[in-house]
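Residue numbers (the UniProt record's numbering): 1 to 369.
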Amino acid sequence: MPDAPEALADAPADNPARPARRRGVAVVAVLVVTALLAGTGLAWWLWPDPVVAATDLGPAGDLRAHDPALVVGDEGEPWYVFNTGDVRQGLGAPQIRRSLDEGRTWEYVGTVWDASTRPDWAYEAVPGVQNFWAPEVLEHDGTWYLYYSASTFGSNRSAIGLTTNTTLDPDDPDYAWVDQGLVWASEPGETDYNAIDPGVLVDDDGRGWMAFGSFWGGLQLVELDFPSGKPVDPGAEPVTLASRTGAPNPIEAPYLVHRDGWYYLFFSRDFCCQGTDSTYNVAVGRSRAVTGPYVDRAGKDLVDDGGEQLLTTTGDMVGPGGQSVSDGVLAFHWYDAAQGGEITLGLRELAWDDDGWPVATTREEQAAD
Numbered sequence: 001m002p003d004a005p006e007a008l009a010d011a012p013a014d015n016p017a018r019p020a021r022r023r024g025v026a027v028v029a030v031l032v033v034t035a036l037l038a039g040t041g042l043a044w045w046l047w048p049d050p051v052v053a054a055t056d057l058g059p060a061g062d063l064r065a066h067d068p069a070l071v072v073g074d075e076g077e078p079w080y081v082f083n084t085g086d087v088r089q090g091l092g093a094p095q096i097r098r099s100l101d102e103g104r105t106w107e108y109v110g111t112v113w114d115a116s117t118r119p120d121w122a123y124e125a126v127p128g129v130q131n132f133w134a135p136e137v138l139e140h141d142g143t144w145y146l147y148y149s150a151s152t153f154g155s156n157r158s159a160i161g162l163t164t165n166t167t168l169d170p171d172d173p174d175y176a177w178v179d180q181g182l183v184w185a186s187e188p189g190e191t192d193y194n195a196i197d198p199g200v201l202v203d204d205d206g207r208g209w210m211a212f213g214s215f216w217g218g219l220q221l222v223e224l225d226f227p228s229g230k231p232v233d234p235g236a237e238p239v240t241l242a243s244r245t246g247a248p249n250p251i252e253a254p255y256l257v258h259r260d261g262w263y264y265l266f267f268s269r270d271f272c273c274q275g276t277d278s279t280y281n282v283a284v285g286r287s288r289a290v291t292g293p294y295v296d297r298a299g300k301d302l303v304d305d306g307g308e309q310l311l312t313t314t315g316d317m318v319g320p321g322g323q324s325v326s327d328g329v330l331a332f333h334w335y336d337a338a339q340g341g342e343i344t345l346g347l348r349e350l351a352w353d354d355d356g357w358p359v360a361t362t363r364e365e366q367a368a369d
């Protein structure tokens, strides 16, 4: 909702023959009354509260990014997106896209590894793996940590791996990804969760946490050690953060954000990867402790199928999900119904309401709802 004078100035004239001077008098009269009532505290009802809405950044260029992990650069520095690999490029390694104009235009700049640097251990741990999914990227004490998922569809024989670098700039002479091996794994018949879709947070005390999970037993959390980026206790039992009710438990892609004393758990629900038939959507819950319990706005625990919906299919934007957050910007993928279901990168600057909940819908989407 625009400010009061702007709203009046933009309002269409219901009678084109009405003299402009009289319209101006009416505007002045309303503003005078508003000013007089402001002193009594009675002016609030004249203008509704401003709409709390996200800003769509409208990215362009090469946007074919599935499960984007966004890195918003410092002022004047590039932005990066790391996303699920394509079997036709770089042996299915996570792909890299870069923007030199603060997220407006994107270009493909390669993959994280090639035949000479691929993580051979992952192919042994997960037979049949073809491409690597849903990476996560963060910086800690001058080192960049990239977590990636090795799995195959329909199986929880999965593994999360780690590779590190001192820079994200592929043109830097020091640019080199060094694989650090296995972080966490799941096995059919041994674990009731699926070790993919990592989302990593380092809290204010310097403790690391990795959320992960897809279907099976829901979203899990383990503690990480830094600088290794590996689990504090490889034998620990993960903490369950969120789950749906009933099989096949369609929940995945957890992402943790710490803001104003709250830990926010962003996640995707329902079914991805079916083009314009996808039912994916993004939801969120929050907790005062990183280990939970996480609840939605109504107070429903996420382990009991709670979740505050953030984004869902709207118009040509079908199945938004696979999200990450960097510096207040939400990255996600969606299927463009106007382009035959082509996978597309979405970027939105989140808004936050007075109760501290994130808002990812735009003014236009809210008006059409």
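The C-beta atom is built at its ideal place from N, Cα and C for all residues, glycine as well.
Just so you know, these numbers come straight off a predicted model, no measurement behind them.
Any chance the CB of residue i is under 6 Å from a heavy atom of the ligand GTP?
i: Phe-267; result: This structure does not include the ligand GTP; it has no bound ligands of any sort.
Grab the span of the beta strand (DSSP E) containing residue i for me, first residue to last.
i: Ala-69; result: 69-71
i: Ala-93; result: No beta strand (DSSP E) contains Ala-93, which DSSP labels as neither H nor E.
i: Ala-348; result: Here residue 348 is Arg; the residue named in the question, Ala, does not match the sequence. It spans 342-349 - the beta strand (DSSP E) in which Arg-348 sits, taken as one unbroken run.
i: Glu-107; result: 105-111
i: Gly-308; result: According to the sequence displayed, residue 308 carries Glu and not Gly. 308-311 is the span of the beta strand (DSSP E), which, as asked, contains Glu-308.
i: Asn-83; result: 79-83
i: Tyr-335; result: 329-336
i: Ala-211; result: 208-212
i: Gly-199; result: 199-202
i: residue 375; result: Residue 375 lies beyond the range of the chain shown here (1 to 369); nothing can be said about it.
Assuming residue i is part of the alpha helix (DSSP H), what are its boundary residues?
i: Gln-366; result: 363-368
My understanding is that residue i touches residue j, with C-beta atoms under 8 Å, so please give their C-beta distance in whole angstroms.
i: Gln-220; j: Pro-238; result: 4 Å
i: Ser-158; j: Ala-195; result: 5 Å
i: Pro-254; j: Phe-267; result: 5 Å
i: Val-112; j: Ala-125; result: Actually they do not touch by this definition, with Cβ atoms about 18 Å apart.
i: Cys-272; j: Gly-315; result: So it is not a contact: roughly 19 Å between Cβ atoms.
i: Gly-217; j: Asp-192; result: 4 Å
i: Leu-57; j: Gly-103; result: 5 Å
i: Ser-149; j: Phe-132; result: 6 Å
i: Ala-54; j: Thr-362; result: 6 Å
i: Thr-245; j: Asp-336; result: Not really, about 31 Å apart at Cβ, beyond 8 Å.
i: Leu-91; j: Arg-118; result: 5 Å
i: Arg-208; j: Glu-223; result: Position check: residue 208 holds Gly in this sequence, whereas Arg was assumed. Yes, they are in contact, since the Cβ atoms of Gly-208 and Glu-223 sit about 7 Å apart, within 8 Å.
i: Val-87; j: Val-359; result: Val-87 to Val-359, Cβ: 37 Å. No contact.
i: Tyr-108; j: Asp-62; result: 5 Å
Starting from the Cα of residue i, find the closest Cα among the options and give me that residue.
i: Ser-278; options: Ser-186, Gly-292 and Glu-342; result: Glu-342
i: Gly-292; options: Thr-240, Thr-276, Phe-212 and Thr-84; result: Thr-240
i: Val-137; options: Leu-182, Leu-201 and Asn-131; result: Leu-201
i: Glu-210; options: Pro-234, Thr-276 and Glu-77; result: Checking the sequence, you will find Met at residue 210 rather than Glu. The residue with the shortest Cα to Cα distance from Met-210 is Pro-234.
i: Pro-135; options: Gly-128, Gly-161, Pro-127 and Asn-156; result: Gly-161
i: Gln-95; options: Glu-252, Phe-82 and Ser-186; result: Phe-82
i: Pro-250; options: Gln-323, Gly-275 and Gly-213; result: Gly-213
i: Ala-185; options: Asp-171, Pro-231, Lys-300 and Asp-74; result: Pro-231
i: Arg-348; options: Thr-117, Val-325 and Asp-369; result: Val-325
i: Leu-345; options: Gln-323, Arg-363 and Asp-169; result: Gln-323
i: Pro-188; options: Thr-117, Gly-154 and Asp-171; result: Gly-154
i: Glu-77; options: Asp-174, Pro-59, Asp-169 and Arg-363; result: Asp-169
i: Ala-289; options: Gln-274, Leu-265 and Gly-299; result: Leu-265
i: Trp-106; options: Lys-300, Trp-79 and Ala-367; result: Trp-79
i: Gly-356; options: Gly-110, Phe-226, Gln-366 and Ser-287; result: Ser-287
i: residue 448; options: Asp-114, His-66 and Asp-86; result: Only positions 1 to 369 of the chain appear in the structure, and residue 448 is not among them; the question remains open.
i: Asp-225; options: Val-183, Gln-89 and Ala-367; result: Val-183
i: Thr-204; options: Val-222, Tyr-175, Gly-261 and Asp-172; result: Sequence check: residue 204 is Asp here, not Thr. With distances taken between Cα atoms, Asp-204 lies closest to Gly-261.
i: Gly-89; options: Glu-75, Asp-74 and Gly-110; result: Strictly speaking, residue 89 in this sequence is Gln, with Gly absent from that position. Per the Cα distances, Gly-110.
i: Ser-151; options: Gln-130, His-140, Glu-139 and Asp-171; result: Gln-130
i: Phe-215; options: Glu-252, Ala-368 and Arg-259; result: Glu-252
i: Gly-181; options: Asp-172, Asp-174 and Ala-122; result: Ala-122
i: Val-257; options: Thr-276, Asp-120, Ala-367 and Leu-350; result: Leu-350
i: Glu-190; options: Thr-84, Asp-174 and Asn-156; result: Asn-156
i: residue 389; options: Lys-300, Arg-259 and Asp-369; result: Residue 389 falls outside the range modelled here, since the chain spans only 1 to 369, and no answer is possible.
i: Met-317; options: Gly-299, Gly-340, Asp-74 and Asp-301; result: Gly-340
i: Arg-269; options: Leu-302, Glu-365 and Tyr-263; result: Leu-302
i: Gly-229; options: Asp-171, Asp-296 and His-140; result: His-140
i: residue 383; options: Ala-367, Gly-85, Ala-338 and Ala-236; result: The question about residue 383 has no answer, for the chain in this structure spans 1 to 369.
Exercise for review: Mind listing, in chain order, the continuous alpha helix (DSSP H) runs of no fewer than 4 residues lying wholly within the segment 113-190?
Suggested key: 120-125, all fully within the segment 113-190.
Practice item. Would you check if there are 3 or more beta carbon pairs closer than 8 Å linking the segment 56-71 to the segment 330-343? Key: yes
Practice item. Go through the segment 215-297 residue by residue and report every complete run of the beta strand (DSSP E) that reaches 3 residues or more, in order. Key: The qualifying runs are 219-225, 239-242, 251-259, 262-269 and 281-287.
Practice item. Report yes or no: do the segment 331-347 and the segment 141-161 share at least 3 C-beta pairs separated by less than 8 Å? Key: no
Exercise for review: Decide if the segment 162-179 is in contact with the segment 99-106; the criterion is three or more beta carbon pairs, one per stretch, under 8 Å apart.
Suggested key: Between the segment 162-179 and the segment 99-106, the count of Cβ pairs shorter than 8 Å is below three; the stretches do not touch.
**Study point:** the segment 308-316 contacting the segment 274-289, beta-carbon criterion three pairs below 8 Å
**Key:** yes
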